[in-house]
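Worksheet for the structure shown next.
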Amino acid sequence: MRILVVEDDENLNRQICEALTDAGYVCDSATDGEEGHFLGDTEPYDAVVLDIGLPRMDGISVLEAWRRENRMMPVLLLTARDRWSDKVQGIDAGADDYVAKPFHMEEVLARLRALVRRAAGHASNEIIAGNVRLDTKAGRVTVDGQAIKLTSHEFRLLSYLMMHKGKVISRTELTEHLYDQDFDRDSNTIEVFVGRLRKKLPEELIQTIRGLGYQILAD
Numbered sequence: 003m004r005i006l007v008v009e010d011d012e013n014l015n016r017q018i019c020e021a022l023t024d025a026g027y028v029c030d031s032a033t034d035g036e037e038g039h040f041l042g043d044t045e046p047y048d049a050v051v052l053d054i055g056l057p058r059m060d061g062i063s064v065l066e067a068w069r070r071e072n073r074m075m076p077v078l079l080l081t082a083r084d085r086w087s088d089k090v091q092g093i094d095a096g097a098d099d100y101v102a103k104p105f106h107m108e109e110v111l112a113r114l115r116a117l118v119r120r121a122a123g124h125a126s127n128e129i130i131a132g133n134v135r136l137d138t139k140a141g142r143v144t145v146d147g148q149a150i151k152l153t154s155h156e157f158r159l160l161s162y163l164m165m166h167k168g169k170v171i172s173r174t175e176l177t178e179h180l181y182d183q184d185f186d187r188d189s190n191t192i193e194v195f196v197g198r199l200r201k202k203l204p205e206e207l208i209q210t211i212r213g214l215g216y217q218i219l220a221d
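So this note's numbering is basically just the index in the sequence shown, starting at one, shifted up by 2.
Here it is, written out as structure tokens:
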């Protein structure tokens with residue numbers, strides 16, 4: 003999954019992005035509201051971590067602009083602990099959840115997992131497709147109960163396809179959600195990773211829909 007972090011404290015921004023990367027996400031970042039608004043308006047993100055107190059354009063204004071522009075990705079607000087009014091204003095502006103500073107990074111990760119999961123229509127951390135089980139919290143994949151070793155890129159690709167079971171996912175969409183904005187979008191690595199996954203998982207799990215993309219069939 004691809005996450006945008008908009009936080010003007012560069013040290014905290016870096017810490018959040020490092021934690022997200024370690025957890026298997028792809029992370030883009032911005033340190034002011036104008037840049038954050040631009041990225042969120044032009045790039046497809048699975049979720050956003052958005053600080054309220056931003057320079058150039060405050061977080062509430064950024065969020066309101068996204069919602070007016072029909073950008074519906076889940077947004078996790080970062081708020082000051084003693085400003086309950088910010089929390090109310092943020093939820094009214096279209097935020098999906100919030101975390102008060104200072105916070106534990108595990109709480110941010112847990113809330114993001116829940117937001118991404120619910121946005122894709124899943125109630126549990128575990129996603130099942132046939133005899134394949136993917137645990138988004140543990141970063142673990144099993145086939146008939148046996149653990150399968152995947153690289154981080156393979157896991158991210160499989161996660162996105164399983165999160166969107168039943169939907170045909172184009173190569174472009176996969177590339178946009180699995181790599182940051184600096185990635186070479188002309189690369190053929192998606193086909194390479196699909197081929198590797200098919201060698202490790204049941205061959206029929208990932209279907210190729212000719213001319214459209216890939217699909218994992220809904221149960």
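All C-beta atoms, glycine included, are put in the ideal place defined by N, C-alpha and C. Model, not experiment: these values are computed from the prediction.
Remark: C-beta atoms of Asp-48 and Ile-5 approach each other more closely than 8 angstroms. The beta carbons of Leu-203 and Ile-218 sit no closer together than 8 angstroms. Secondary structure within the stretch 110-195: the beta strand (DSSP E) runs of 3 or more consecutive residues, fully enclosed, are 128-131, 134-137, 142-145 and 148-150 (chain order). With the rule of 3 Cβ pairs closer than 8 angstroms, the stretch 124-132 does not count as touching the stretch 10-20.
Between Gly-61 and Leu-79, the beta carbon gap of about 7 angstroms places them in contact (Cβ cut-off 8 angstroms).
With a threshold of 16 other beta carbon atoms within 10 Å, Pro-76 meets it and is buried.
For Lys-103, the pairing in a beta bridge is given by DSSP as Ala-82.
Judged by DSSP in its simplified three-state form, Asp-221 adopts coil rather than helix or strand. DSSP, read as helix, strand or coil, puts Ala-49 in strand. At the C-beta level, Asp-43 and Glu-71 come within 8 angstroms of one another. Note on geometry: alpha-carbon atoms of Ser-172 and Arg-85 lie some 43 angstroms from one another. With respect to Arg-158, Leu-180 sits close: the two C-beta atoms are nearer than 8 angstroms. Annotation for Leu-6: no alpha helix (DSSP H) segment contains it, though the beta strand (DSSP E) segment containing it runs 4-8. Around the Cβ of His-39, a 10 Å sphere holds 16 or more other Cβ atoms; the residue is buried.
Per the DSSP secondary-structure output, Gly-215 pairs in a beta bridge with Ile-211.
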